[in-house]
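Read in order, the letters of the sequence shown are residues 79 to 254 in the working numbering.
Backbone N, C-alpha and C define an ideal beta-carbon position, used for all residues, glycine too.
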Amino acid sequence: MAKTTLALNRRGFVKAGVGLLAMTVMPSGLIVGNAWAQMPRSAKPDTFAALVQMSRDCYPHEAVADSYYANAVSVLDEAARSSEADLALLEDGVAELDAAAREKGGTDYKSLPDEADRVAILEAMGEADPFFQKVRSNLVVGLYNQKELWPIFGYEGASADQGGYIDRGFDDIDWV
């Protein structure tokens, strides 16, 4: 029987070690899909990832990376650190989304491949739902207040310190 040896140089060993370390340290819910720097501090990792997906489904922008949605969700996660009621609202809301996703044949909300199915779940939840309102209202400010995104949306920023919009071309956007 021939003896098989594994040739591994230092660079390969380091790459493999870093990958294994990352998989060991990072929660499983954050390994899949686009990566972001935020790690949840109060919500479960799967809840955080589902909230990022929900955020993208509520305000879909193909040109916006998941990391910006994660920035917005991290505000909810941070608020949940000091409020058990907020944490329960997030965890229970995502549990409802996951249950609805299982009814559609999925394993959980964030893993449903069809955006239309996810949006249908959100529509069935209803805009008056406290969980939906909490996430949606946070996104309005949390997502669109990130200055790095303003050029994508054609917003040039505040104008008061530059004489106002009239002198800055208030009608120069070409996508309207």
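With 16 as the cutoff for other CB atoms within 10 Å, does residue i come out buried or exposed?
| i | result |
| --- | --- |
| T125 | buried |
| S133 | buried |
| K188 | buried |
| A258 | The structure shown does not extend to residue 258, since the chain spans only 79 to 254, so no value can be given for it. |
| F299 | Residue 299 lies beyond the stretch modelled for the chain, which goes from 79 to 254, so this question has no answer here. |
| P208 | exposed |
Check whether the Cβ atoms of residue i and residue j sit closer than 7 Å, and answer yes or no.
| i | j | result |
| --- | --- | --- |
| L190 | A121 | no |
| G220 | V153 | yes |
| L217 | A148 | no |
| Y137 | Q224 | no |
| D155 | R214 | no |
How is residue i classed by DSSP in three states: helix, strand or coil?
| i | result |
| --- | --- |
| T185 | coil |
| D207 | coil |
| S160 | coil |
| L84 | Confidence in L84 is poor, its pLDDT being 45 and thus under 50, which makes the residue's placement unreliable; the coordinate value appears in the next sentence. Reduced to three states, the DSSP call for L84 is coil. |
| E140 | coil |
| P118 | coil |
| S237 | coil |
| N216 | helix |
| D192 | coil |
- Do the region 173-185 and the region 195-205 touch if we need at least three Cβ pairs shorter than 8 Å? yes
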